[in-house]
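Engineer:
Protein chains in written order, with the numbering used here: chain A, 284 to 835; chain B, 139 to 456.
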C-alpha cells in the first residue's frame with residue numbers, strides 16, 4: 284500500500300512511521316461517505332446562517348447611521364459576552380459588524396461540529412469495537428485519528444469556501460478580509476478539534492471525551508467574554524481563549540494576521556500531545572485502567588427510577604459543575620455593570636432609549652437566565668434522547684420484560700431528564716446571585732434571581748414534553764426535538780439583530796417566558812406554558828403505552 | 139391449560155410480514171424448542187409473548203393471561219433472556235443481576251452465588267468490559283436465579299463456549315425438574331435435541347413442523363448401511379426406500395440407503411433374508427429435519443442438500 288512497504292529495503296524507523304498511517308486515505312473516503320448527510324446538514328446550516336445574515340444585514344442595516352446605532356449597543360457587558368471585543372464600533376462597516384458579531388457564533392458552531400466528528404470517528408468507533416475490525420486490516424495505529432482530522436479540516440474548508448462566496452457576492456466584502464475572517468474561524472475550530480483528539484486519549488468513553496472537549500469550549504467562550512468585559516478590545520485574560528485569536532485579527536478594521544499563528548501552534552502542540560498519549564495506552568483503553576465495581580448492587584438500585592438516575596447522574600454532575608462555574612463567574616461582574624451602562628446611556632441617546640431608566644444590570648440578569656434556559660434545554664433534550672438510546676440498544680426491552688409497566692419506565696426517564704434540567708436552571712440563578720453577592724451587589728435580591736430562573740421551568744417543560752411525545756409516537760424522529768434548542772437560541776440571541784418574524788419567535792416556548800427581573804412577572808403565559816407542558820407529557824404517556832417496543 | 143398457547147398469530151412491520159399465521163404451544167413443565175434461522179420470526183414471537191409488540195391478528199395466551207394487557211402481572215411469573223444482551227455500560231455484572239432480580243421482586247442470594255460460580259462469571263467487572271459471552275452469562279444468571287414459572291430464552295447460548303453450554307443445559311434440566319416451563323429459541327440443533335420435549339420449526343413466520351422429537355422423527359427417514367452376503371437388489375424395489383448405493387467387494391455387498399420410518403419394518407424383514415453381516419441405522423437428527431424444511435433455501439444458495447432424509451423436500455419454494 285504505502286511506498287515504504289513496497290520498497291524491498293527500508294529502515295525500520297521509516298517503516299513504522301509510514302505504517303502507523305497506513306490506510307489513512309481509504310479511511311478518509313469511508314468516513315466522508317458515512318457522514319455525507321450529517322456534514323451536508325452542517326454545511327447547509329452554517330452557509331445558510333451566513334446567507335441569512337448577509338441578506339438581513341444589508342436590508343436591516345442598509346445605511347451607516349443604522350449600523351452606528353447598533354454599534355452604540357455593543358459596549359454593554361451582555362453584548363460583549365455575546366459578540367466580540369468591539370473593534371470598529373466608531374465606524375461600524377458591514378465587515379466590522381460581521382467580524383464583531385458573527386465570528387463568535389460561527390466559531391462555536393464549527394467547533395461543536397469538529398469535536399463531534401473527531402470523537403465520532405475515533406473514540407466512539409473504538410468504544411463500539413467497530414474499529415477493532417478496521418485496525419485488524421492494513422490500517423496503522425494513527426490512521427483513524429489522522430483521517431478524522433483530515434475530514435474535519437476538509438469539512439471546515441468547504442464550509443469556509445461556500446461562506447466566503449456568500450459574503451463576497453452578497454455583502455460585497457473584500458476577498459482579503461473575508462479570507463482572514465473565515466480562515467480564523469476555521470483555525471480556531473481546528474484548535475478545538477485538536478483538543479478533542481487529546482480528550483479522546485484520556486477517557487475510554489466517547490461521551491466523556493466529547494463532554495470534556497465541549498467543556499473546554501464552554502470555558503473558552505466564557506474566558507473570552509470575561510476578558511473583553513474587563514477592558515475594551517480585550518485584556519490579557521481574553522488572549523487565553525483561542526476564540527480571541529481570531530477575533531483579535533481586527534479584520535475589516537485594522538487587519539493583523541499574526542494572532543492566527545497562535546491557533547496553528549496550538550493545533551500542532553495538541554496533536555503532538557495526542558500522538559504521545561495514544562502511544563502510551565492500549566487499544567480501547569483510556570490513560571487510566573478501568574476500575575472494578577461492586578459485585579452486588581446498592582440496596583437502593585431497585586427501580587427504573589434508580590436505574591435512570593444511575594445512568595444520568597455523572598453527566599448531570601458535570602453539567603451542574605460547569606453551570607456553577609460559569610454563572611458564578613459572570614455574577615461577579617454585576618457590580619460594575621450598572622454604572623458602566625449608566626455612563627453609556629449618558630453618552631448615547633440610543634442606548635438610553637433601548638434600556639430606559641431601569642437598572643441596567645437587570646437586563647443582564649435576564650439575559651443570563653435566558654442562557655440558563657437554553658443550557659437546561661440542551662441537557663433535558665439529551666436526557667430524553669437517552670430513552671431512545673435505551674430502546675435501540677435493547678435495554679428498554681430487557682427492563683420492560685420484568686414487572687415494570689411502560690408508564691413507570693417512561694416516567695423514570697422523563698423524571699430524571701426534567702429534574703436535571705430544573706436543577707440546572709435554578710442552580711444557574713443561584714450561582715449568579717452568589718457571584719453578585721460575593722462582590723457586594725445586593726440588588727436584585729437573591730429571591731429575584733430564583734424567580735427569574737424558576738419562571739423558565741414551564742417553558743423547559745413544554746420542550747421536554749413535546750420531545751417525549753415525539754419519542755413516544757414517532758421514535759425514529761426523536762432527534763427532531765433538537766430543533767427547539769436551535770429555535771430558542773436563534774430567537775433568543777438573534778431575534779432583534781436579524782428581525783426574525785414574530786410568528787417564528789412565538790414558536791419558541793422560551794419566547795413566552797417573562798424576562799424577570801427586567802420585565803414584570805406575567806402569569807397568563809407562564810400558566811399557559813405549564814398547561815401545554817402537562818398536556819404534552821400526557822400525550823407522550825398515551826402514545827408510549829400503545830406502540831411496539833422496540834422500534835428500530 | 140398450557141403455559142403458552144399461540145394460534146394463527148400475524149404480525150407485520152410496514153410491508154414486511156414477520157409472522158404469518160404462527161401456531162405454538164408450550165405445555166406446563168416442558169421444555170419447548172423453537173427452531174428457525176435468523177429472520178424467521180422467533181424474536182418477534184417472543185416479543186409478542188412479552189407484550190412488547192402488539193399482535194395484528196390471532197390469539198395469544200401466556201400463563202392463562204393476555205400478554206399485552208396483563209403484561210406487568212405476567213412478568214412477575216417469567217424471566218427473559220434476550221438474544222443479544224445489552225447491559226448498562228457503567229453497571230457491573232453483579233449490579234445488573236441484582237437489579238433485574240429486584241425488578242422482578244427478589245433474588246435468591248445463595249442461588250446467585252452458586253450460578254456465578256458455575257458460569258465462572260466475575261460480577262465486579264463493568265458491563266462495558268464484558269465480552270458477548272459474559273454479557274450472555276449475566277442475563278442467564280439473572281434469569282436462572284429467579285423463582286418463576288416460565289423461562290423465555292431467545293438464543294441463550296450464543297457466544298457461550300461449549301463448557302458453558304453444558305452448564306446451561308444442566309441448568310435447564312434442573313429448571314424442568316423444578317416444574318418450570320421453558321421456551322428455548324435456538325438455531326443450534328444439538329442443544330434443542332439434548333433438552334427439549336417438543337420442537338416447533340418456524341419458517342417465514344409460520345410453524346412448518348411441530349411435535350415431540352419422537353413424532354417428528356416418525357415423519358422422516360433413517361439412514362441405513364448394511365453389508366449382506368446375498369443379493370441386495372430387492373431392497374431398492376421396496377416402498378419407502380430411497381437413494382440406494384450398492385458396492386460389491388470381497389466381504390459382500392455393501393448397501394446404503396434412506397428409508398421412510400413408516401416402512402422400516404419391511405426393510406428389516408427383507409434384509410433378514412439376505413444374510414446380514416453388519417448393520418447400522420441412524421435415526422434422523424434434528425438437523426436433518428430442519429434442513430429438510432430449509433433445503434430449497436440451501437439449494438438456492440448453492441449448498442448441496444444433505445443425503446439423509448432431505449431429498450423429497452415438501453417445503454415449497456417461496
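Every residue gets a Cβ at the ideal spot worked out from N, C-alpha and C, and that includes glycine.
Could you tell me whether the Cβ of residue 758(A) comes closer than 9 Å to any Cβ of chain B?
Structural biologist: Your numbering for residue 758(A) matches position 475 in the first chain. It does not: the Cβ of residue 758(A) has no partner Cβ on chain B nearer than 9 Å.
Engineer: Using DSSP with H/G/I as helix, E/B as strand and the rest coil, what is residue 449(B)?
Structural biologist: For the purposes of this step, residue 449(B) is taken as the residue at position 311 of the second chain. With a pLDDT of only 36 at residue 449(B), under the threshold of 50, the placement of this residue in the model should not be trusted; the figure read from the coordinates follows. Note: residue 449(B) maps to coil in three-state DSSP.
Engineer: Measuring CA to CA, which of 713(A), 672(A) and 512(A) is closest to residue 693(A)?
Structural biologist: Indexing the first chain from 1 puts residue 693(A) at position 410. The candidate whose alpha carbon is nearest that of residue 693(A) is 672(A).
Engineer: Under a Cβ-count criterion, where at least 16 other Cβ atoms within 10 Å of its own Cβ denotes burial, should residue 270(B) be classed as buried or exposed?
Structural biologist: Position 132 of the second chain, counted from the first residue, corresponds to residue 270(B). By the neighbour-count rule (16 or more Cβ atoms within 10 Å), residue 270(B) is not buried but exposed.
Engineer: Where does residue 346(A) fall in DSSP's three states?
Structural biologist: The count along the first chain starts at 1 and reaches residue 346(A) at position 63. It is coil, neither helix nor strand.
Engineer: Report yes if the CB atom of residue 435(A) is closer than 9 Å to the CB atom of residue 473(A), and no otherwise.
Structural biologist: Translated into positions along the first chain, residue 435(A) becomes position 152. Translated into positions along the first chain, residue 473(A) becomes position 190. The answer is yes: Cβ separation under 9 Å.
Engineer: Determine the chain A residues that contact residue 224(B) at a beta-carbon separation under 8 Å, and present them in chain order.
Structural biologist: Position 86 of the second chain, counted from the start, is the residue given in the question as residue 224(B). The answer, in chain order, is 676, 677, 678 and 681.
Engineer: In chain order, what are the residue ranges of uninterrupted beta strand (DSSP E) at least 3 long that sit wholly in the stretch 751 to 817 of chain A?
Structural biologist: Counting whole runs of 3 or more residues, the stretch 751 to 817 of chain A contains no beta strand (DSSP E) stretch at all.
Engineer: Does DSSP put residue 319(A) in a helix, in a strand, or in coil?
Structural biologist: The sequence position of residue 319(A) within the first chain is 36, counting from 1. In the structure shown, residue 319(A) sits in a helix (DSSP, three-state: H, G or I).
Engineer: Check whether the Cβ atoms of residue 291(B) and residue 323(B) lie closer than 9 Å to each other.
Structural biologist: Start at 1 with the first residue of the second chain, and residue 291(B) comes out as number 153. Start at 1 with the first residue of the second chain, and residue 323(B) comes out as number 185. In contact: residue 291(B) and residue 323(B) (Cβ atoms closer than 9 Å).
Engineer: Is residue 398(B) helix, strand or coil when you go by DSSP?
Structural biologist: Looking up residue 398(B) in the second chain gives position 260. The answer is strand: DSSP assigns residue 398(B) an E or B state.
Engineer: Any beta carbon of chain A sitting closer than 9 Å to that of residue 290(B)?
Structural biologist: On the second chain, position 152 is the one that residue 290(B) refers to. Yes, because at least one Cβ of chain A sits closer than 9 Å to the Cβ of residue 290(B).
Engineer: Got a sec: is the Cβ-Cβ distance from residue 262(B) to anything in chain A below 9 Å?
Structural biologist: Along the second chain, read from residue 1 onward, the residue named residue 262(B) stands at position 124. It does: the Cβ of residue 262(B) has a partner Cβ on chain A nearer than 9 Å.
Engineer: Kindly say whether residue 575(A), judged by its beta-carbon, lies nearer than 9 Å to any beta-carbon of chain B.
Structural biologist: What you label residue 575(A) is simply residue 292 of the first chain in a count that begins at 1. For residue 575(A), the answer is yes, since a Cβ of chain B falls inside 9 Å of its Cβ.
Engineer: Does any C-beta atom of chain C lie closer than 9 Å to the C-beta of residue 252(B)?
Structural biologist: No chain C appears in the structure shown, which is made up of the protein chains A and B.
Engineer: For the alpha helix (DSSP H) containing residue 593(A), name the first residue and the last one.
Structural biologist: Taking the first residue of the first chain as position 1, residue 593(A) is located at position 310. Per DSSP, residue 593(A) belongs to the alpha helix (DSSP H) from 587 to 614.
Engineer: Taking the CB atoms as reference points, tell me whether residue 404(B) and residue 364(B) lie closer together than 9 Å.
Structural biologist: Along the second chain, read from residue 1 onward, the residue named residue 404(B) stands at position 266. Along the second chain, read from residue 1 onward, the residue named residue 364(B) stands at position 226. Cβ atoms of residue 404(B) and residue 364(B): not closer than 9 Å.
Engineer: Residues in the stretch 315 to 338 of chain B with C-beta within 8 Å of chain A's C-beta atoms, listed in sequence order?
Structural biologist: Here the close residues number zero.
Engineer: Name, in chain order, the residues that DSSP records as bridge partners for residue 340(B).
Structural biologist: As a working mapping, residue 340(B) is identified with position 202 in the second chain. According to DSSP, which records beta bridges pairwise, residue 340(B) is partnered with 345(B).
Engineer: Hey, out of 714(A), 604(A) and 441(A), whose CA is closest to residue 322(A)'s CA?
Structural biologist: As a working mapping, residue 322(A) is identified with position 39 in the first chain. Minimum Cα distance to residue 322(A) is reached at 441(A).
Engineer: Starting from residue 323(B), trace the alpha helix (DSSP H) both ways and give me its first and last residue.
Structural biologist: Within the second chain, residue 323(B) is the residue found at index 185, counting from 1. That residue, residue 323(B), is in no alpha helix (DSSP H); its beta strand (DSSP E) goes 319 to 324.
Engineer: Could you say which of 162(B), 141(B), 140(B) and 169(B) lies nearest to residue 331(B) if we only look at CA atoms?
Structural biologist: As a position in the second chain, residue 331(B) is number 193, starting the count at 1. Of 162(B), 141(B), 140(B) and 169(B), the residue nearest in Cα terms is 169(B).
Engineer: In terms of alpha-carbon separation, which member of 506(A), 478(A) and 385(A) lies closest to residue 493(A)?
Structural biologist: Counting from 1 along the first chain, the entry for residue 493(A) is found at position 210. If we check each option's Cα against that of residue 493(A), 478(A) comes out closest.
Engineer: Where in the stretch 359 to 442 of chain A do unbroken runs of the alpha helix (DSSP H), each at least 4 residues long, occur, reported from the N-terminal end onward?
Structural biologist: The qualifying runs are 360 to 365, 377 to 384, 386 to 404, 406 to 410 and 413 to 419.
Engineer: So does the stretch 225 to 236 of chain B actually touch the stretch 584 to 598 of chain A, counting three or more Cβ pairs closer than 8 Å?
Structural biologist: Because the criterion of three Cβ pairs below 8 Å is met, the stretch 225 to 236 of chain B and the stretch 584 to 598 of chain A touch.
Engineer: By Cβ distance, which residues of its chain are closer than 8 Å to residue 697(A), with the 5 residues on each side in sequence left out?
Structural biologist: Translated into the one-based positions of the first chain, residue 697(A) becomes position 414. The residues are 667, 670, 747, 751, 820 and 823.
Engineer: Starting from residue 419(B), trace the beta strand (DSSP E) in both directions and tell me its first and last residue.
Structural biologist: The residue labelled residue 419(B) in the question sits at position 281 within the second chain. Counting along the chain, the beta strand (DSSP E) containing residue 419(B) begins and ends at 414 to 420.
Engineer: From residue 459(B) to residue 337(B), what distance separates their C-alpha atoms?
Structural biologist: Outside the modelled stretch of chain B, which goes from 139 to 456, sits residue 459(B), for which no answer is possible.
Engineer: Residues in the same chain with beta-carbon distance under 6 Å from residue 518(A), minus the five sequence neighbours each way, listed in chain order, please.
Structural biologist: For the purposes of this step, residue 518(A) is taken as the residue at position 235 of the first chain. Here the set comprises 510.
Engineer: Residue 220(B) versus chain A: which residues are under 7 Å apart at the beta carbon?
Structural biologist: If you number the second chain from 1, residue 220(B) lands on position 82. By Cβ distance, chain A contributes 677, 680 and 681.
Engineer: Is residue 552(A) buried or exposed, if buried means 16 or more other CB atoms sit within 10 Å of its CB?
Structural biologist: Start at 1 with the first residue of the first chain, and residue 552(A) comes out as number 269. Exposed, since its Cβ has fewer than 16 Cβ neighbours within 10 Å.
Engineer: Taking a cut of 7 Å between CB atoms, which residues from the stretch 485 to 507 of chain A lie near chain B?
Structural biologist: Listed in sequence order: no entries.
Engineer: I want to verify the contact list: residues of chain A whose CB lies under 7 Å from the CB of residue 267(B), in sequence order.
Structural biologist: Locating residue 267(B) in the second chain gives position 129, where the first residue counts as 1. The answer, in chain order, is 573.
Engineer: From what residue to what residue does the alpha helix (DSSP H) around residue 678(A) run?
Structural biologist: Mapped onto the first chain, residue 678(A) falls at position 395. Element bounds for residue 678(A): 678 to 683.
Engineer: Decide yes or no for the touch test of the stretch 557 to 568 of chain A against the stretch 533 to 544 of chain A: beta carbon pairs closer than 8 Å, at least 3 of them.
Structural biologist: The stretch 557 to 568 of chain A is not in contact with the stretch 533 to 544 of chain A.
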